[in-house]
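Under the numbering used here, think of the first position of the sequence shown as 505, with each following residue one higher. Here a beta-carbon is modelled for each residue, glycine too, at the ideal position from N, C-alpha and C. Below is one structure, written out as structure tokens; the observations come after it.
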Amino acid sequence: MHKTHSYVLPPSNTYNMSHHLPHAIPSTNQPAERRDSTRSVMLADIPALADCPLVDDSPLSHRNSISTTDGFSNDSPASWDGDGPSDHSPAAEVDVKIQDGSHHPFATTAVTSPKAFRFNVIASHGMEAVMGEVTPKIEEIDDVDELQSIKPVGVETMAHASSTHPDSTAAPVNVPRKRGRPRKHPLPAPGGQVKITKGRSKTGCITCRRRKKKCDETKPACLNCQKNAVVCEGYPPKEIWKSGKQKLEDAVRTQSMVARSLPLLIDGIETEIDRRFLDHFVYGFSRVLTLINDDSNPFKEILLPMATQHRGLMHSLMCLSGSHLSALDPEPKLKERKYYHFHRAIRDLKENITTSSGAVQEPGLLVEDPIIASTIALSLNTICEGETKGEYRPHMDAARYLLTTQAPRNEKFRQFIVEFFQYHDVSNSITSLDRRPALQGGLRLPDFVPHAQAGMFLGVFDGLFNYISEVTRIRDRIRQRSNEGYEPAVDYQILGDAVSIDSAIRAWETSYAPNTPNYYLAQLYRQSTWVYLYRTIRPSRPSEKIAQVVDDGLSFLDQLPQDAGAYSIVLMPLFLLGCSAFVPRQRERIKKGFETLKAYSNLRNIEPAFKVVERVWDVMDTKIEESWDWEKIINDMNMDFLIT
């Protein structure tokens, strides 16, 4: 069975095919409405244009235009019976000429050239009855472009039809224009169409683009993310296209803006951590370095203003403050910044020492004084760090050299720095075998010796530290005689010098008012100086004299308020009392004094000092005679630090 299509033929004499299909077209004597209804004819499916062209290039005759089916010709008697088609129902191809569009009742536009249609008519049983009731229908071929390429059938082609049908005309008509809106672009050739891939949208939110989901682009957060219970990360910033010239101009503008940024107000104060160091130095750390913890503290009144004019000194002070603060707060950033200031201070110190001698000094700008202050600050840094391998030595040696070769310009600074250096220098001689005070090397005090109460440290300006230096020299002589095998180790000359020092200590009086923290501190220093002398010339064994002096010294220590500035210089006398504590009950009080001192100042040289005292106690309990030489004990422990 054939699949059929319908074509619509307008009523015209041209469509009279009774000669070929006697039963295909109803009689013209039918009523008007019948005639109108017979404008459509059931036709067979037109073959594909590529396989069966509608029109041959050569003129066609009627005989050539008839196709055969199953080997039979359409006009062969064998293929037809009297009433209808046989079992092999032939399909006849008929060439139909369509008149010009102006005569076509359905034409919308005029076609300039006549065209020809070819269609098949399938005969079936009862054709007459079917054609009497069913309106034949003809449909257009879809591809208008191919219709335009069909050659019109000339008069020669329809010669046979004209001779058979005298009434038929040979004038061709144009194919009607396809209904609907015309195409803007022609259809692509079959097989040559390239699929164009659409680019992915780049305006969706970041979350949807990462999840490869379609985004509804709702602002500020898309609804797709809310529906899927995910956090919408928003939309990427819009990038404005810029030419290469514009990008170059923006880069130049950015560089110029950076170059015009505000400079540092103070060299060395560069970050937020540096500002923390500065605040800690002013409000916390400076009070644990001297007796004075108010606004007249020399670290705030003298050194800090000097550091604003000297970058190297500011780095030294910030390193010092950072070392102390990092002991309270072990934050890695604080330690990292502390080391940065340390290395900058060392580098600037070397550069200044190298170039200061030949450089032209700027009027009114202190240069040598900040260099000396930097060396002192770096030596104090070893105290804050708790270093015990002699790291303080190069800084103390540099300060000694600068103070003995050139006098500081600022007299107020000179008074402070000489006192400060001598305090630490003399104290250092108590715990080392080879470090001796610079007082013996010609470093003299300022010409104007202020009142003792004006000093930043106790015992320097009032002469007490001179007695300590003399006791140190006596110890060196006794140690030398003992090592050489002289007996007794204390000869008459040493004994005479010791008696003179004893008389001076007994006559020494403090200028501080009684019942004040500094008065108790002065008495503690007096007791510890006498203990130092007694332990030097007397054998190392327990006695009532030494026990009494140690007890009195600890009583003065107990009188100090725990927040008193006097605790800033308590370590040295406490160490001397500890090395003379033969009685166990005294050791507990010594231990408590170290704990109180550490809670006040948090300097990390307190812990190694107490370790030395504990080692001396162990030697007292086993080899009592060897406990006399605690300097040698410290050396055997491979320790070397400032006990200040």
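| Check | Outcome |
| --- | --- |
| When you compare only the Cα positions, how much space is there between leucine 962 and leucine 795? | 8 Å |
| Tell me which same chain residues have a C-beta within less than 6 Å of the C-beta of glycine 1082, skipping the five on either side of it? | Ile1094 and Val1117 |
| Check each candidate in Ala831, Phe1086 and Leu968 and name the one with the smallest Cα separation from arginine 1045. | Phe1086 |
| In chain order, what residues of the same chain have a beta carbon less than 6 Å from the beta carbon of leucine 1078, not counting five sequence neighbours either side? | Gly1097 |
| Taking the alpha carbon of cysteine 888 as the reference point, which residue from Thr722, Pro1112 and Glu988 has its own alpha carbon closest? | Pro1112 |
| Could you give the distance in angstroms between the alpha-carbon of asparagine 987 and the alpha-carbon of leucine 1037? | 20 Å |
| Where do the N-terminal and C-terminal ends of the alpha helix (DSSP H) with proline 1088 fall, by residue? | 1088 to 1105 |
| For glutamine 1090 and aspartate 1122, which I take to be in contact (beta-carbon distance under 8 Å), what is that distance rounded to the nearest angstrom? | Their Cβ separation, rounded to whole angstroms, is 15 Å, which puts glutamine 1090 and aspartate 1122 out of contact at 8 Å. |
| Are the segment 1013 to 1022 and the segment 996 to 1004 touching by the rule of at least three beta carbon pairs closer than 8 Å? | no |
| Which of helix, strand or coil does DSSP assign to lysine 749? | helix |
| Beta-carbon within less than 8 Å of threonine 879's beta-carbon, same chain only, minus the 5 sequence neighbours each way: which residues are those? | Leu853, His899, Met900, Ala902, Ala903 and Leu906 |
| Would you report the Cα separation of glutamate 1135 and methionine 1076, rounded to the nearest angstrom? | 14 Å |
| Go ahead and label glutamate 660 buried or exposed: buried means 16 or more other beta carbons lie within 10 angstroms of its beta carbon, across all protein chains shown. | Summary for glutamate 660: the model assigns pLDDT 44, below 50, so the residue's position carries little reliability; its value from the coordinates is reported in the next sentence. Its Cβ having fewer than 16 others within 10 Å, glutamate 660 is exposed. |
| What are the boundary residues of the alpha helix (DSSP H) that includes valine 975? | 968 to 988 |
| On the DSSP letters alone, give me the boundaries of the alpha helix (DSSP H) that tyrosine 1071 sits inside. | Segment: none, tyrosine 1071 is in no alpha helix (DSSP H) and carries neither H nor E. |
| Exposed or buried, methionine 1141, counting other C-beta atoms within 10 Å across all chains shown (16 or more means buried)? | exposed |
| For alanine 1002, does the count of other Cβ atoms within 10 angstroms reach 16, so buried, or fall short, so exposed? | buried |
| Around the Cβ of leucine 766, are there at least 16 other Cβ atoms within 10 angstroms (buried) or fewer (exposed)? | exposed |
| Candidates Lys1115, Lys916, Ala725 and Ser973: which alpha carbon is nearest alanine 942's? | Ser973 |
| For aspartate 771, which of helix, strand or coil comes out of DSSP? | coil |
| If you count every other CB in all the chains shown that lies within 10 Å of the CB of glutamate 891, and 16 or more means buried, which is it? | buried |
| Report the residue from Ser1105, Tyr896 and Leu1101 whose alpha carbon sits nearest the alpha carbon of phenylalanine 1145. | Tyr896 |
| Of all the options Cys719, Arg983, Glu743 and Arg918, which has the alpha carbon lying nearest to the alpha carbon of asparagine 732? | Cys719 |
| Assign serine 744 to one of two classes, buried (16 or more other C-beta atoms within 10 Å of its C-beta) or exposed (fewer than that). | Here residue 744 turns out to be isoleucine, not serine, going by the sequence shown. By the neighbour-count rule (16 or more Cβ atoms within 10 Å), isoleucine 744 is not buried but exposed. |
| Kindly give me the distance between the Cβ atoms of glutamine 1031 and glycine 1057, rounded to whole angstroms, as I take these residues to be in contact under 8 Å. | 4 Å |
| Can you name, in chain order, every residue of its own chain whose Cβ lies under 7 Å from the Cβ of proline 1065, other than the five neighbours on each side? | Pro1021 |
| I'd like the span of the alpha helix (DSSP H) that includes alanine 902, first residue to last. | 897 to 909 |
| Going by beta-carbon coordinates alone, are valine 792 and serine 1105 separated by less than 7 Å? | yes |
| Using only CA atoms, which one of Leu1061, His928 and Ile982 lies nearest to proline 1043? | Ile982 |
| Roughly how many angstroms lie between the CA atoms of glycine 894 and aspartate 929, to the nearest whole one? | 14 Å |
| Output the distance between the C-alpha atoms of lysine 706 and cysteine 726, rounded to the nearest integer angstrom. | 14 Å |
| If you draw a straight line from the alpha carbon of asparagine 914 to that of glycine 748, how long is it in whole angstroms? | 60 Å |
| Can you tell me where the alpha helix (DSSP H) with arginine 1108 in it begins and where it stops? | Element bounds for arginine 1108: n/a, residue is neither H nor E. |
| Taking 6 Å as the cut-off, does the CB of threonine 711 come closer than this to any heavy atom belonging to the ligand SAH? | As presented, the structure is devoid of all ligands, the ligand SAH included, so that no description of it is given. |
| Just to confirm the assignment, what range does the alpha helix (DSSP H) spanning leucine 782 have? | 776 to 787 |
| State the Cα-Cα distance for the pair isoleucine 857 and isoleucine 806, rounded to the nearest angstrom. | 21 Å |
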